[in-house]
Amino acid sequence: MKRLFLMLLTLYLLPVHAGPVPDMAPDKVGPSSYVIHGPLGRPSPENHGFMNNPGFVITNSGVVVIDPGGSLQIGEMVLRQIKKITSKPVIAVFNTHIHGDHWLGNQAIRIAYPEVPIYGHKKLIERVAAGEGETWRQTMLRLTDGATEGTKVVGPNKSVEGNQEVLIDGTRFNLIYEAKAHSDTDVMIEVPAEGLLFLGDNVLSGRLGQMTHGTFKGGIRAIDLAMKSKVKQFVPGHGTTGDRSILETYRRYLVLVRDGVAKLMDDGVEDFEMKPIIRNSLVDYTTWVSFEHEFGRHISLAYLEVEAEMF
Ligand SMILES: [Zn+2]
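Each residue of the sequence shown is one higher than the last, beginning at -3 in our numbering.
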């Protein structure tokens, strides 16, 4: 019966296919860990919607994947890269947060490994059940002009609460959670044996991202939690893996925006007048991808956040 169910599930998940995503070589970031550093940008027909940093950790007898990307095709590309490095099967998947560019690739893994557990924060699972995965699926399809065609919503099926340890095949994954960071679903994943911390979108490098589902204050708190880690290598949700300095750089951006807005509010400056003033304090970030797209929105969101705290 179970076998029949899995067979039907696999048949349902099988795609009507758009073209494959070109291979991108993984970078070795730990003794047994790799990251495919995705292109920096917003989803487009050119990048096929590929823009995040899928990671994988090879354990004793399997592979643990972190954020397999934003479509079926990206997930398939990730699997192709894994197979070039190891013949071990995928035994678990982590999804760092609700944004579909990180996890719609689950489908590819589920097709290849129908019983693989997919871990995500319980709020992420609730949001997918409430339809946010479907919204993301449609957004990716629209922004890529159909390059993600065939992608189906396969959310996590293993709920995690936040700050806890998950032991998989002898490797310890420490989950670090701050309730209102980049979103309320963001889990950061520390792998001490690999000297690595996967930050999800709580930290980006060389690119700004949306803050619509999060708070600046919580984002700063999350980075402070990540800073307590003893590991040496940090993997952002988008952008290049690096040392502790990538945490400091992104934290400084969040602080400059939030504190800049709070100070100007004190001075009686209006929301729209703030943008050019705060922009002057952000010269180190104006070359980041999506700066012009996100920065104005960040000011407006920080304004609402600080205002809400006043009452
Ligand atoms: Zn995100």
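For each residue, glycine too, the CB sits at the ideal point set by N, CA and C. Treat the numbers as computed from the prediction; the structure is a model and nothing was measured.
Item	Value
Cβ pair Val285, Leu68 closer than 7 Å	no
Close Cβ partners of Thr144 (< 6 Å) along its chain, the five nearest in sequence each way excluded	Gly45, Ser67, Met136 and Leu137
Burial state of Gly264 (16 or more Cβ within 10 Å)	exposed
Closer than 6 Å: Asp325 CB and nearest ligand 1 heavy atom	Any property of residue 325 remains undetermined from this structure, which presents the chain solely from -3 to 307.
heavy atom of ligand 1 below 6 Å from His95 C-beta	yes
Secondary structure, beta strand (DSSP E): runs of 3+ residues fully inside the segment 72 to 118	86 to 90 and 114 to 117
Uninterrupted beta strand (DSSP E) stretches inside the segment 226 to 297 (no shorter than 3 residues)	229 to 232
In DSSP terms, what Met184 is bridged to	Ile172
Element boundaries [alpha helix (DSSP H), containing Phe212]	Phe212 to Met223
Contact test: Asp197 Cβ vs ligand 1 heavy atom, cutoff 6 Å	yes
Boundaries (first-last residue) of the alpha helix (DSSP H) holding Val128	Residue 128 is actually Glu in this sequence, not Val. From DSSP, the alpha helix (DSSP H) with Glu128 extends over Glu128 to Leu139.
DSSP-derived helix/strand/coil call for Phe1	helix
Sufficient close CB pairs (3 or more, under 8 Å) joining the segment 47 to 61 to the segment 242 to 258	no
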